[in-house]
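Peer 1: Residue numbers (the numbering used here): 90 to 246.
Cβ atoms here follow ideal geometry from the backbone N, Cα and C, with glycine treated the same way.
Because the structure is a prediction, the values reported are computed rather than measured.
1. Short of 8 angstroms in beta carbon distance, which residues of its chain neighbour residue 232, apart from the five on each side in sequence? Order them along the chain.
2. Out of 209, 241, 207, point me to the one whose CA is closest to residue 223's CA.
3. Could you check the C-alpha separation between residue 143 and residue 149 for me, to the nearest Å?
4. Using the Cα positions of residue 236 and residue 124, report the straight-line distance between them to the nearest angstrom.
5. For residue 204, which residues in the same chain have their Cβ closer than 8 angstroms to its Cβ, ignoring the five residues on either side in sequence?
6. With H, G and I counted as helix, E and B as strand and the rest as coil, what does DSSP make of residue 216?
7. Going by alpha carbons, who is nearest to residue 37 out of 147, 172, 182, 120?
8. For the putative contact between residue 128 and residue 155, defined by C-beta atoms under 8 angstroms, what is the C-beta separation to the nearest angstrom?
9. What's the C-alpha gap between residue 195 and residue 229?
10. Could you give the distance in angstroms between the alpha-carbon of residue 146 and the alpha-carbon of residue 126?
11. Here's the rule I'm using: 16 or more other beta-carbon atoms within 10 Å means buried, otherwise exposed. How should residue 132 be labelled?
12. Expressed to the nearest angstrom, what Euclidean distance is found between the alpha-carbon atoms of residue 134 and residue 188?
Okay, here's the thing in structure tokens:
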């Protein structure tokens, strides 16, 4: 059961931590086993809102991820969260542009809740595998898809 909207507004205005305000973000953080000590990159249309919530929760090493463009940005993040993409093409594009920001062993969690059918979810999981990510066989069944960047630099053939 979610808190009453007026209570949420009061918490926001008073600067009180708002755990639970975004259930998808809560699930994604739990899947990634992220703590405030993690370096978290957030990508997608919901990145700004997610960053604000993460800061309020005590995550100090948070950044917006648009594109991995330089060696300094690559392989730096412990966790990459892809938020609020509305279709498969947008989701693939955001992941392809940002996944290099993950360090080897880093965790990618994609909000796939807008992909209502099984085929786009399977296609997304397959796309992650093509990028060289480790994805569980049944990952397409959840509202979020979890993938791990392997320690080796191998690419799927």
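Peer 2: Taking the coordinates as given:
1. 113, 116, 200, 201, 202
2. 241
3. 8 angstroms
4. 17 angstroms
5. 176, 177, 180, 210, 213
6. helix
7. This structure leaves residue 37 out entirely; the chain is present only between 90 and 246.
8. Incorrect: roughly 16 angstroms between the Cβ atoms, too far for contact.
9. 19 angstroms
10. 11 angstroms
11. buried
12. 16 angstroms
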